[in-house]
Each structure stands twice: as structure tokens, then as C-alpha cells.
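Notes follow the structure.
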Amino acid sequence: MKKIFLIITIVFGVSLNAQQTPAPPQTEQVAIFGATAHIGNGEVIENCTIIFKDGKITAIGADLMAPTIGTMIDAKGKHVYPGFIAPAKPLGLVEVDAVRASDDQDEIGEMIPHVRSIIAYNAESKVVESMRPNGVLLGQVTPQGGTISGTSSIVQFDAWNWEDAAVKTDDGIHMNWPSFFRRGRWWMGEDRGFVPNKDYGDQTDNIKMFFLNSSAYGQAAEKEKNLPFAAMEGLFNGSKRLYIHADGEKEMTDAVNMAKEVGVKHIVIVGGYRANKIADFLKENNVAILVGVTHALPEYDDDDYDLPYKLPKLLVDAGLLVGLQNEESANFQARNMAFYAGQTVGQGLDKEKALQLLTSNTAKILGIDDQYGTLEVGKSATLFISEGDALDMRTNQLSKAYIDGRDVSLETHQTKLWHRYMGKFEREKTGQ
Amino acid sequence: MKFKLLALSFFLGSVSLFAQDYFPINDGVKAKKNNNYTAFTNAKIYITPTQVIEKGTLLIQNGKVVQVGKSVSIPKNAVVEDLEGKSIYPSFVDIFSDFGVKKPDRDSGGGRSGQYEPEREGFYWNDHIMPENNAINSFKYDSKKAGELRKAGFGTVNAHIEDGIARGTGLLVALNDGGSEAQRILSDKSAQYFSFTKSVAKRQSYPSSLMGAMALMRQLYYDMDWYSKGNVDTKDRSLEALIANKGLVQIFDAGDNGNVLRADKIGDLFGIQYVILAGGDEYERIEDIKATNAKLILPLNFPDAFDVSNPYQAQYISLSDMRHWNLAPSNPKVLDDNGVEFTITLHGLKSPSDLKDKLMKAIEYGLSKTTALEALTTIPAGILGKSGQIGSLQVGSQANFLITSGEIFDKNTILYENWVQGSKNIIQSMDIVDIRGDYNLSVGANTFAVSLSGSVDKPKADIKKGEETLESKFTYDADWLNLAFSEDGVGSYRMVAHVMPGSETIKGKVVLPNGDETTATLTKTKAFEEKSTPEEAEKPELVALTFPNVGYGYASKPKQETMLFKNATVWTGDSILENTDVLVKNGKIAKVGKDLKASGATVIDAAGKHLTAGIIDEHSHIAALAINEGGHNSSAEVRMKDVIDPKDMGIYRDLAGGVTTIQLLHGSANPIGGRSAILRLKWGENADGLIFPNSPKFIKFALGENVKQSNWGSFSRFPQTRMGVEQVYTDYFQRAKEYDTKKKSGQPYRYDEEMETLAEILNGERFISCHSYVQSEINMMMKVAEKFDFRVNTFTHILEGYKLADKMAEHGVGGSTFSDWWAYKYEVNDAIPYNAAIMASQGVTVAINSDDAEMSRRLNQEAGKTVKYGGVSEIEAWKMVTLNPAKLLHLDDRVGSIAEGKDADIVLWTDHPLSVYAKAEKTIIEGAVYFDLEKDKMMRETVKKERNRLIGMMLNEKKKGGKTKTPVQSKKELFDCDTL
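Here the protein sequences line up with chains V and R, keeping their order. Be aware that the first sequence starts at 1, since it is given in our numbering, and climbs by one per residue. Be aware that the second sequence starts at 1001, since it is given in our numbering, and climbs by one per residue.
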């Protein structure tokens, strides 16, 4: 074990200065050979060679001839994965939760689809850079709060600025569906528990009217610009996805039915605590799901203690298209995405299927599967090499990561401090 | 009727006014005293619930019982009332009432900054302590409310100001509208009242928690003692009142079974036996309740069934709430069966008129009628020491009694009169004529069919012409009936008639649609028949209690077993042994080795599985009812062991994650927090049973943003900076040192729980676990400790520990940290996941903790992260959640590793314990299985079935017309350090 420690020190030591400096475009072909390649679509290729050039995978397979040009990386005994994707997070929108000045995730207003996350994305966020050493290389930067929170964009995590970072701009609109039950207003002397939300009907009707108005607005020949309505247009022509954040059976059913009725083309449920109870309905309606974080407590005392652990498996088994997200936990936790997937393996989900929850499934749900989510020829070389099984914390040890073929730094504010203080103690020991 | 009643009581009242013989009189002649008797004959008389005479006579004079018995000679100057077939009971007594006492208005002012100082001068240092309040001073007799109470059967109530922690004294008042205060007020200082709830009118922050309220109560008694011995130069009117009230009955408003035990414990410490207001859930922990020996004041607050017809709503209700609905009506019976003496109160009921239904329900669920009657009469009277005056009809008692048509707890029994202090109050007239039945109404040539049904006193009318029902309005009062009805196309008729007793016809006058008056006659055609409700002697169906009484509670508490684990991969602590057997016996690890055999042991095939010591979470906030006492910048006087919640589902979930021991820490709201409780997660035990026996003493300290109140707008409490934090410590330790010196010198000293606790730290008897983030403050804390010649035991969180790991090692302090948390506030900017590895590399004893109910249940994975971040070896990583926290808690001689002779607190894992793929299969504490994956599967089914059964019962309740309420989910707040 000490050996690993040494190796990591060396690997990290080399690229120490690269922290926060985005990698330049790929100029030279890279070939990784001898690896166990986890394709991301359920397949595994042992002793695999992966070649990429100009940011794209040009060849992948077990029986490839070793190239004679470019960088050769021996990955025998190691594992290669497509870059993990963290959807539905305000990464880069807030730096320190308790410091209001660093918080740009929640704009005021109930129906503000026109508010766009991409322009506030902090490409130099220390929280974002801490994703990379764990294999999380892409994310959906998502505004929070209100009923319609705004428009998200998909970014990669190694960029000079938000334009560089953008993978897919304004990809979807996020809506928090009202709850049929609401929490007691304890500050007003009510019990902390849940009580029926008497306004549910009005609230959901308001949403529907907003959608209908947005849709009608799109039909008008001449119009005075209405920014919120205009921002909704993509939902009806299929260029934007609708992300419905909801957990209850009734809430999900009502929300999906509403969205179908008003003509939304792509519907994704985010959360879905009770989605296994209406899996057939979701499947019939072709609704994908970004299921909630597995490292969570059950919502109800009488629920199985491991319900959050196994929920993704239940949904996969039911035949739904499932990705993982962790909007309920803090931003920095997005670097633990791999382990959220790993948790489902303990519940009996096949490891490669668990991997899909972070890669191909998520890419399909977000609509970036033409470029990301799997290790396939023609797709972006956004991948990483891990010393071992990347879904288990003990063995998730990255030695290399590439985004669009660029050799990105695995150094962070955190590794820098690690080296700095270990160095101090070493110096003190050796008396220098 | 109302007028009559009023006039009557006025008359009687004015008579009895002359009891005050020495008052001059100016509005008439003085010699008009009424010394006549009133005799009630031929009644069944309950002198007490157990002393009953058939066909007896009750003789009263001047508001008191003069004689009662079978053969009472009735004086000539007696008004005699024959009560043949009727019964007489003593009127009820409620000793927990707010009758006539205005509750103070809720304070509405104030910004977000807390108020830390008292508002008052000359009183106790805490505004919520108001023993000097006497309810009599704000008492105003409320005759409307008195009427409602009399209607429910009450003759006397004991009222107090339901506000504050020490609430002052109550008063005992007879519900005699006609009497004067001189007559009604039986006692102006009847009892002294306490609670755990702060005054709504006062803003002083302390105590902000249940444990703070408990500590305040204890300190109050210590201070009372100190003051009473003349040690205080200044005047404290609160303490003086408390001293003066010592001889009274002491009543504690607890409100649930846990708080009953908490109140009783405080009483035990000071030799006070409180009479305690219970919560209605005492059945859950009846043995503990019985052991208090306290008399209880019992509310009959049985919850209504939930309306579960909508399954989406029904899922919000927890099994434990459903169970409480099912079991609460059995609470009085359970108390009775266990010999717990109680009185019944109206407190907790929406209206006094609900009492009878609730009583009947309790009786249906097995409460004996005699106990019920005692609980309303002799027992409350006895508690107040007023047995000679109220609660019975012994000679000399006040003439407070009820006249009923029969057995008082019978559904159909009518309460006719409630006499209070010899004043008659009619609830329902005894000589009302029962006019119910079917009639023909003839008005001139027209005939209508009239049907009178409903109750005797308020019959309803139904009027038809032929088949057509006519719109009508009907009243019946004091033998007069009014009937107005209208016929389509004709107009309206208005009839008025006086009813003569014993007559089959009722004659009256009618005003016709055209305005003419004529006579009308109602002729009875059919006598009224009470709809025979089939006596459904359905026995109430009760679900079983579990330990604890929530979903996943056990039917019986787990017992120690002899177990032999075969061929496991055993993580002993310092090594990993393949194919090894472990024998567990008598709660201990008896043997570790190869090919072990043991007769009588349950053999568990552990091939391919891993056996480890149970996980120890150094920093947890589960199983608690409160976390922070933030009302002062030091709260060393509070104890987490006072607020343990043995019903918290977090316990079971932690067990399912392989956790066996936790340190339940106070939060981080103040530099000096409260005393910890170290718990073993023995799911099913009561609060005391969860405490790790003979565990070392700990206290929580905290540094940084939380104690400075940086992240919320509170600017009024010292300290607001890290500079101030140091001064808080220096000040408190200096004072503790001086306190201890004085104490040890043998001089008299004011016992101070806070100083006692801090002195324990100085004397090396109590260890500090200090919440900490940045290196400057960590360094400061160590220096303060060194200055006072002790060592900090543990820095918890310690996210910048890596920056001064060398200094920590030198000081000898351990570090208990998060694996990878950061970025949630400014002070964790430099928190790095390599922290554990760096601290360990410099010789610091490192633990990984949770501070979070979610993370606690997979601390094995968090330990796994130290392998990733900084390359900690697997054995060392595992120690960070077992042996190292055991060391930090000074429990490593008993738990934390697998070694012969240690306690059998162990976990069997399905996989490598540091792996995200591992599941705890069995979690064992002292040789008893507290979590078992197979058993959990079965319990899921049980929970599902029981929910379904209770939902069925509730649906049935709704069908039967029982009251229902909208589903709600009572949800416990999840705690972490910052929870205020």
C-alpha cells in the first residue's frame, strides 16, 4: 500500500504546477494499451487499446496493432472509463454555501426559464476542479429554486471561461413541481412534519397556464418579446429538455401528464423517490429519470433502510432509462458520483450497468450521447485511467484524465495543500 | 330557561353570601339568613366511588353536606326532592386547568439577534423562572367557561398560568356562578407548577433546549438551597417565592412519557415527588412510568383516526402514529392495571364536552368505571389535600354533586343537575315532557303528519302533507313548542302550543297563511321508539407494542447468544486473519482461532465474509431530542443523556450500517457546549439502557464560525470573533479553578453545575471533544489547555488539523475528522480529504466521524476514502472507524477490535468492509444480535402488513362515522452540529 502512496506522489508531483491551468488542445495522438476498458454501454474489453487523436477516439479494441507514433501509455492492470457526468448540479454557481457573496445559484422569481446558468459558471471554481481527480469530467450546470428555476447548460470541467467550458448551451429547463404535501411551517409554531398542501391545485394549474401561454406565444405571428415565454420555446420543438424535479407518485404523474398535454417533447424526472411505484407509467410515456442520490436517508421511517441504495436498481430493472444525480447533497459531493453508483452494486446491480448510470445513460438523457458517455470510435476522448475499480472508493485512483483528448490536470487546491504540508513535515523530519 | 337558571342561582347565591357574618349590610335587613335544608331522597348515592348507597338520602345545608345515608332523618325545615331512579355523584375536579387565568400574549417584538440577559430586576437570573407568579392575581371568574365545565360534570378546578418553566402557584376555585370570590376560592395557593417550556412572553434565549430547561430546573433548586441558607446579600423575589411554596403540592407539566421520566428524575435529585401531567403515551414505557411512583394527571387526548382513503396521503403517516391512534385509548387501563394512580384532566381536549366520549372510549378499552370515577373525584381531591372538602359527599364536604338519570358512564345517561356549593345548576330539566312520537296535526280542514324524534330535550320535527315533506322550523323549550312550516303555493303556518304532561294531544294556536288565527291540535298516533342500536360489544382490536414502539421495533428485546463464526476473514484490529473462527459467549469475544468448536453455540458460516469490530462514530447527533443549548456561551451544565430519544429510527439505520457505539455530542452553538452521552445502539432499550455503562465523561467544545454566530444575523452574544473565543475559555477556566479551590478548602460555596463540570476538566476527570476548523483556533485551544495544565482529548472535524499535525501530536490530542467534506462554509476552504492521512502520518490518533445520520450508516466507506486520499493502509483505515475512535473515547479496553475478552460488539460483512459494495449482515452488541439482514427482510413484511391492517381499521372507523383527520407526517428534525 505504501507503494501506491509513492506512485501517486510522483504522478501528482510532476504535474503540480498545472493546477487550474486548462490543458491545451490535443496535438499528438495518444494510445492507452493493456487496459480493462469499461465502455460505458455495459461492455468491458480486457487488454484493450484505446487510441485518440484531435480529441476523438479513433480506435478501440483488444486486438489493435500498437501505434508507432504519439504518446504510449501502459495501462496494464488499470481501468479506463468514459468521463463521469454530474447532472442537475449548480456546480460553478456557488463556491462556499455559507458565503452569500459566492452564491449565484438561485435567482428571485417563480417562473424564470429565461435565466441562464451558463453565463455565471465559474470555470475556475475550486469545487469544480476537485471533480476531476475522481473522474467526474462533465456536468449540467443547473439553476436552483423557484418553480421554473431557469435554463441549464452542459459543461466540461477544464476550461478558461464559460464559453470554453460549454458542451451544450441551454440544454434544458428545470422545474420544481409543487408538493402535494408540504412541510409544517415550524417557525410559525406548526409541527415540522408534512401536512397536505392546500394550494397544490392552484399551483399546478398556474404552471400549466404558464406552459400553455408559452406555447401560444410561439404561434403568434407578430409579438412583443416576452423573455420567459420565449425561453420555453425549445421545449415544444424538442431542442430543449424539460427536467421535472419531483418525488411523489402523484406529483410525478400530474407533472408528466401536464407536460405531455401541453406538448413538451422530452421529459426527464429528476429525483423520483417513488418512481418505482409508477415505473410502468413512466415507461409508457417514454420518461427518463435522473434518480436521487443513493447516499441518502429514506424519506419515511417505515421505508426499507436501504431504499435509496437500491432505488436505481429497481428502476433499471423496470426497464427505465436511468441516470444518477445528487442535487440533494452539497456541490462538493458531486465528486462522489462514482460511489453513488457503486452503492447500487452492493444492492445487486451489475457493475457495468451501474457505470451506465454515470455515463451512457446520463449522456442519452442529457442529449450529448453523440459525443460523450461511451468509449466508442468517433466520440470525444473524454476518459480517465484509474488504478482500480473506479466505483469503489478504495480503488478510485486516477493517474490520467482526458477531456476532448486534452491531458487535464489532476491537481487541485486540495492536492496542493496536501503536498505543501507533507513537504513541511518531511523537511522538519530531515532537518532541512 | 337561561333566565330561569340565572335567577335561581342568583337567589341561592345571595343567600349564601351571608356566610360572611361580620360584614355590615346596607341594602336590606340582615336577619334573612336561609338555614333551611335541602334533602335528596331515594337516590343511588356515590359518597365516594367505592362507597355507594342505594335509595339513600343526601341532606345539605348552607352549601355543605350535612348528612348522607340510608336512614337520614329529614328536618322539618327541609325542601325535599324525590330522586327515585336517579343517581348522585360527587362533582368532578380538574387539577390542571387555565380557568379564568389569562395566558400571557406571545412576545411579538425582537429582531434576529438573541436576547441573552434577563429583563427583570430583583428576580431570578432567568426570566422563565417565575415562582413568584400567583394565578390568583390575574384570576377573573369566567361564568361562560364555568357553565361549560359544569356541563361536563366539573364542580371545582385548579387553575394556574400555563406559561414558563417555574410558573408559580395555582388556585382552587368552585364553579359557583352565584357565589362571591370569598366563597368560590377554596385556596389561593393550591399548588406550585413547573414545565420544560419557556414563557411565550419572555425573550431571554436561555434555555433554548429541553436539556437546558432541565439544567435550569436543577440549578434553580441548588440556588434555592444556597439562598435559603442566607448566603446571598441581595434580594431575589423568585427564590423567596420558591422557598415559600415548598410545602405545596408540586405539579409538573411534562406532556409525554419521556418527559414524565425527565421530570421525575429532577424531583428525585431534590427529594421532591412531582404530580406529573402525562402525555397519553405512557403505555409504551409502562414499567419506567410505574417506577417513578409519581401520581399522574392524565389527558384523554386520544387522537382521531387519519382519513386514509387516499393512498397517496396515507403513505405519509408513520406506523408509529397509526399505532398510537390504536393504542392511546388503552393508556388509562394500562396505567390502572399497573397500579399507577392518576387523575383525569380536560387539558388536551378541544372542549370539555369531549370528555364523556373519551371516558366512554377509555372504559370500552378496559378502564374500570370505579377507577375512572376516582380519577375525576377522590384522587384529584386527595392530590390537592382537599379530600375533606371536595371530590366526595362525606359529611362536611362541599355540596358539589351531580344528579343523573343513571350510571354516569352510560351512553344514554342524562346529566340533569350539577350542584356547586349548594347552588343548583340545571343542565337538563328533570321534568321535561317527552313529546316525541308521531302526530296528526289538524288545522281546520287540513291534516298534516308530524313526526317528532331525536333527543328528549331537543326533539326534531318532520312534517308532511301526504307524501310531500314540508319545509319547517321547530323549537321546544320549557314546555312550549313552536312549529312554523310552509306549504307550496299556500304560504306559511305558525303554531305555538303549551305542552301538558301526560296528555296525548297538544292543543295550540296557529296563524294561517292569510293571517287568521285558529286552533290546532296535535294528536299522537304512535309512541316514539328509540332506534335500537345493536349493542356491538365489539372488543377493541389492539396491535402489539414493540421495542421501541415504532416500525422495525422488536417484539422482544434481543438477548445474548452463544455464536460461533466459522471461516471468516477476521479484522482483529492490527491484522487480517483469513479462515478464522470467532466464538462469542456471554457477551464477550471468548475465542479467536482456527477450527474452534463450541457446544450449544449457533454456528454461522462466515466463509467469504468479513468479521470486524463494530463501528464507533465519535461524532453523532442521532437518538436525541435536542442538540444545542445556545442560550449561553457556555452550557457545561447541560447533559445529552437527559435528552436521549430511544425511538429514533437513526439508531436502527446505524445498526444496519454496522455502527454499534456513538458519542452523542452537544452541538456547536457555543464555545463550551454540553456534556456528551456515549451510547450503545441497543435498539429497543429505554434511554438509560442505551447509555454505555461506566463510560468516561466527555464534553463538547466548539470553535469558529458557529460559536461566533457568523452565518446568521445574530450580533449580540460574546464572542463574535476568534479573539473573543479565547477569552471565553480563559474566563471560564479561571473561574472554575477558583471555584474548585474554594470547594476543596471546605468553605461554603454555591453549587454550580457548570463550574462542577469545568472543574472536572481541570482535574482530568472529563475529556473535551472540540469542534474545530482552522489552525489558528486549534492552536489557541491547545495553548489555553496547557496554560490550565490539562490536555484537549479530541479535536472533532479538525479540518485544518493537517496544518499543525505535529503540534497536535506533541500536545497528545486526537483528531476525529470528516473523510472529504468541505466548501460548505468559509472556514472549510482549506479542508482537504488528505487530512486524515497527514495527521496519521504525524502520529495523531485519527478517527473518521459523521456528524450526520446519513453518513454515520456507511462510515466504513468513509474510512475507505482515506485509502484513496493519501494512501492510508487498509488496516489503518479500518482502525479509523473502530479502534481509534475507541481510543479517543477511552473505551479501547472494551470495544474497537476483535480480541479475546473484549465485548462482543462485532459486525459480519458481506464483503470487504472498506468497500462500497459491503453490507452489514449482522450487527452484534455484547453478544446480542441487534441487526440481522434476514430479520430485517421479515420486518419489512411485518411493517407492510401492520400498516395495512391499521389502515383497514381506520377506514372502518370512518365508515362507522368516527371522527377522522387529514393525514400528516410527524417528522423529526435531523440534527447536526449547527442545528439550533
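Ideal placement from N, C-alpha and C gives every residue a C-beta, glycine not left out.
- Message: Tell me the DSSP secondary structure of Q203/V in three-state form.
- Response: By 1-based counting over the first sequence, the position of residue 203/V is 203. Here Q203/V carries a helix assignment [DSSP, helix/strand/coil].
- Item | Own chain, CB closer than 8 Å to S1199/R, minus 5 neighbours either side, in chain order | By one-based count along the second sequence, residue 1199/R stands at place 199. Within the same chain, S1199/R has close Cβ partners P1104, D1127, H1128, M1130, D1163, G1164, I1165.
- Task: Give a yes or no on whether the minimum CB-CB distance between M393/V and chain R is below 7 Å.
- Result: For this step, residue 393/V is matched to residue 393 along the first sequence. Yes, its Cβ sits closer than 7 Å to a Cβ of chain R.
- Item | For V1490/R and L1512/R, the rounded distance between their alpha carbons | Numbered from its first residue, the second sequence carries residue 1512/R at position 512. Numbered from its first residue, the second sequence carries residue 1490/R at position 490. Going by the C-alpha atoms only, they are around 10 Å apart.
- Query: Just to confirm, are V141/V and S152/V a CB contact at a threshold of 7 Å?
  - Reply: Counting from 1 along the first sequence, the entry for residue 141/V is found at position 141. Counting from 1 along the first sequence, the entry for residue 152/V is found at position 152. Against a cut-off of 7 Å, the Cβ pair of S152/V and V141/V comes out as a contact.
- Query: At least one CB of chain A closer than 7 Å to the CB of Q203/V: is that the case?
  - Reply: Protein chains V and R are contained in the structure displayed, whereas chain A is not.
- Query: Nearest chain R C-beta to N396/V closer than 7 Å, yes or no?
  - Reply: Numbered from 1 along the first sequence, position 396 holds the residue referred to as residue 396/V. Judged by the 7 Å Cβ criterion, N396/V is in contact with chain R.
- Between the Cα of I1432/R and the Cα atoms of G1179/R, D1438/R, K1458/R, S1453/R, which residue gives the shortest distance? Looking up residue 1432/R in the second sequence gives position 432. Closest by alpha carbon: K1458/R.
- The alpha helix (DSSP H) with H419/V in it runs from where to where? As a working mapping, residue 419/V is identified with position 419 in the first sequence. Looking at the DSSP string, the run of the alpha helix (DSSP H) that includes H419/V is 413-430.
- Message: Using 7 Å as the threshold, is the C-beta distance between N1793/R and I1768/R below it?
- Response: Taking the second sequence and counting its residues from 1, one reaches residue 1793/R at position 793. Taking the second sequence and counting its residues from 1, one reaches residue 1768/R at position 768. Yes, Cβ-Cβ distance for N1793/R and I1768/R is below 7 Å.
- Message: Residues in the same chain with beta-carbon distance under 6 Å from N122/V, minus the five sequence neighbours each way, listed in chain order, please.
- Response: On the first sequence, residue 122/V is found 122 positions in, with the first residue counted as 1. The residues are G92.
- Message: Just to confirm the assignment: which complete alpha helix (DSSP H) runs, minimum length 4, are found wholly within the stretch 1657-1741 of chain R?
- Response: Within the stretch 1657-1741 of chain R, the runs of alpha helix (DSSP H) at least 4 residues long that lie entirely inside it are, in chain order, 1687-1690, 1705-1708.
- Query: Which class does S214/V belong to by DSSP, given the choice of helix, strand or coil?
  - Reply: Within the first sequence, numbered from 1, the residue matching residue 214/V stands at position 214. In the three-state DSSP reduction, S214/V falls in the helix class (H, G or I).
- Message: Just checking: is the beta-carbon of N1711/R within a distance shorter than 7 Å of some beta-carbon in chain V?
- Response: Working through the second sequence from its first residue, we reach residue 1711/R at position 711. True, the Cβ-Cβ gap to chain V drops below 7 Å.
- Query: Do V96/V and Y1221/R have their CB atoms nearer than 7 Å?
  - Reply: As a working mapping, residue 96/V is identified with position 96 in the first sequence. As a working mapping, residue 1221/R is identified with position 221 in the second sequence. Result no, Cβ atoms of V96/V and Y1221/R do not sit closer than 7 Å.
- Task: Kindly indicate the opening and closing residues of the alpha helix (DSSP H) around E436/V.
- Result: Because chain V spans 1 through 432 in this model, residue 436/V falls outside it and cannot be assessed.
- Query: Across which residues does DSSP place A1568/R in a beta bridge pair?
  - Reply: Along the second sequence, one-based indexing puts residue 1568/R at 568. BP columns for A1568/R point to T1580/R.
- Quick one: which chain V residues come within Cβ less than 8 Å of G1551/R? Taking the first residue of the second sequence as 1, we reach residue 1551/R at position 551. Simply D301, D302.
- Just how far apart, CA to CA, sit N1829/R and E1777/R? Reading the second sequence from its first residue, position 829 is the one you call residue 1829/R. Reading the second sequence from its first residue, position 777 is the one you call residue 1777/R. If you take the alpha carbons of N1829/R and E1777/R, they lie about 15 Å apart.
- Item | Beta-carbon contacts of D1438/R that lie in its chain and below 6 Å, excluding the five residues immediately before and after | Residue numbering aside, residue 1438/R sits at position 438 when the second sequence is read from its first letter. Only S1451, T1525, K1526 meet the Cβ criterion.
- Message: Nearest by alpha-carbon distance to E1417/R: which of I1025/R, F1040/R, V1916/R, A1863/R is it?
- Response: Mapped onto the second sequence, residue 1417/R falls at position 417. Taking only the C-alpha atoms, the option nearest E1417/R is F1040/R.
- Take D1892/R and list the residues in its own chain whose beta-carbon comes closer than 8 Å to its own, dropping the five residues that flank it on each side. As a first step, residue 1892/R is located in the second sequence; it is residue number 892 there, counting from the start. Closer than 8 Å at the Cβ level, and outside the excluded window around D1892/R, lie L1883, A1886.
- Message: Using only the alpha-carbon positions, how far apart do G367/V and S1635/R sit?
- Response: Along the first sequence, one-based indexing puts residue 367/V at 367. Along the second sequence, one-based indexing puts residue 1635/R at 635. Straight-line Cα distance between these residues: approximately 55 Å.
- Does the stretch 1842-1859 of chain R touch the stretch 1722-1739 of chain R, meaning 3 or more C-beta pairs lie closer than 8 Å? no
- Query: Quick one: any contact between the stretch 1072-1086 of chain R and the stretch 1030-1044 of chain R, if contact means 3 or more CB pairs under 8 Å?
  - Reply: yes
- Examine the Cβ distances between the stretch 1837-1849 of chain R and the stretch 1809-1827 of chain R and report whether three or more of them are shorter than 8 Å. yes
- Query: In three-state terms, what does DSSP make of D1936/R?
  - Reply: Counted from its first residue, the second sequence places residue 1936/R at position 936. Here D1936/R carries a helix assignment [DSSP, helix/strand/coil].
- Query: Of the choices V287/V, K283/V, N226/V, R420/V, whose alpha-carbon is the least far from that of I244/V?
  - Reply: Here the question's residue 244/V lines up with position 244 in the first sequence. Ranking the options by Cα distance to I244/V, first place goes to V287/V.
- At a CB-CB cut-off below 8 Å, which residues of chain V make contact with Y1312/R? Your numbering for residue 1312/R matches position 312 in the second sequence. F180, G248, E249, K250, listed in chain order.
- Task: Could you check if N1549/R is buried or exposed, using at least 16 other CB atoms within 10 Å of its CB as the buried criterion?
- Result: Stepping through the second sequence from its first residue, residue 1549/R is reached at position 549. So N1549/R counts as buried.
- Item | Cβ separation of I1651/R and I1622/R, assumed to be a contact under 8 Å, to the nearest whole Å | The residue given as residue 1651/R occupies position 651 in the second sequence. The residue given as residue 1622/R occupies position 622 in the second sequence. Confirmed, Cβ separation roughly 6 Å.
- Query: Roughly how many angstroms separate the alpha carbons of K1140/R and S1187/R, rounded to a whole number?
  - Reply: As a position in the second sequence, residue 1140/R is number 140, starting the count at 1. As a position in the second sequence, residue 1187/R is number 187, starting the count at 1. The straight-line gap from Cα to Cα measures roughly 15 Å.
- Query: Is it right to say A2006/R is buried, meaning 16 or more other beta carbons lie within 10 angstroms of its own, or is it exposed?
  - Reply: The structure shown does not extend to residue 2006/R, since chain R is modelled only from 1001 to 1980, so the question has no answer here.
- Message: Could you compute how far the alpha carbon of H435/V sits from the alpha carbon of R1717/R?
- Response: The requested residue 435/V does not occur in the structure, where chain V is confined to residues 1 to 432.
- Query: By DSSP, does H295/V sit in helix, in strand, or in coil?
  - Reply: Indexing the first sequence from 1 puts residue 295/V at position 295. Reduced to three states, the DSSP call for H295/V is coil.
- Item | L1008/R to Y1283/R span [Cα, whole Å] | As a working note, residue 1008/R is residue 8 in the second sequence. As a working note, residue 1283/R is residue 283 in the second sequence. Because L1008/R sits at a pLDDT of 46, beneath the cut-off of 50, its placement in the model cannot be relied upon, and the following sentence gives the value as read from the coordinates. If I take the Cα positions, the gap works out to 46 Å.
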